[in-house]
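Enquirer: Numbering (our numbering), first residue to last: 221 to 432.
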């Protein structure tokens, strides 16, 4: 094919229409080469992420003692109401030293604390936060669920127990108020709607005040 003046091939001229397959391939090669030259770091990090199945490093945990309502609201298991309750509790009682302390915050039960494990921590202000522990797939390890004292727990806290929905939690508190404290977790069968199977499911996370 004859070349235009100046030695340029019309198929590769910036102003020439690119209709031929050969032309498109050449332009594609140049674009790909330019991308590799201009973005080596991005491509390298992407390759690392693909090879290792996740981000290069895990994000740090959020400190409950300094976090804003907006930051807390973004965490799993929390919404605006619970986030506001945590900040209000912190302002009244001071910083927490462990997540378990947040169980006394209205609306925060064992299920919420379990969801927050691996995302939130209680530490000194200014201390570097630990990083989230994840496996190569990016999935956080199973969270630990605190034990719940069925003789002192609120309705919200009881809802965190396995098999205990809102209606059952309210029934537990009503039974406790009307007929006295439970001597053991097995005594939950006193509550209408709770049988041995339900008790067996929650026994690992159930405790009673004064139990041996």
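Built from N, CA and C at the ideal position, the CB exists for glycine as well.
Since the model is a prediction, treat every value here as computed from it, not as a measurement.
Considering Cα atoms alone, identify which of 426, 302 and 403 is closest to residue 324.
Expert: Out of 426, 302 and 403, 302 has the C-alpha closest to the C-alpha of residue 324.
Enquirer: To the nearest angstrom, how far is the alpha carbon of residue 419 from that of residue 346?
Expert: Distance between the alpha carbons of residue 419 and residue 346 is about 43 Å.
Enquirer: What residues are listed by DSSP as bridge partners for residue 368?
Expert: Note: residue 368 sits in a beta bridge opposite 426.
Enquirer: I'd like to know whether the C-beta atoms of residue 422 and residue 374 end up nearer to each other than 8 Å.
Expert: Not in contact: residue 422 and residue 374 (Cβ atoms no closer than 8 Å).
Enquirer: Nearest-angstrom Cα distance between residue 408 and residue 400?
Expert: Approximately 12 Å between the Cα atoms of the pair.
Enquirer: From what residue to what residue does the alpha helix (DSSP H) around residue 313 run?
Expert: Its alpha helix (DSSP H) spans residues 300 to 313.
Enquirer: Is the Cβ-Cβ distance between residue 342 and residue 304 less than 8 Å?
Expert: Going by C-beta atoms, residue 342 is not nearer than 8 Å to residue 304.
Enquirer: DSSP has residue 333 in a bridge; who is on the other side?
Expert: Answer is none; residue 333 lacks a bridge partner.
Enquirer: Compute the beta-carbon to beta-carbon distance between residue 322 and residue 284, rounded to the nearest angstrom, for a pair I have assumed lies under 8 Å.
Expert: Confirmed, Cβ separation roughly 7 Å.
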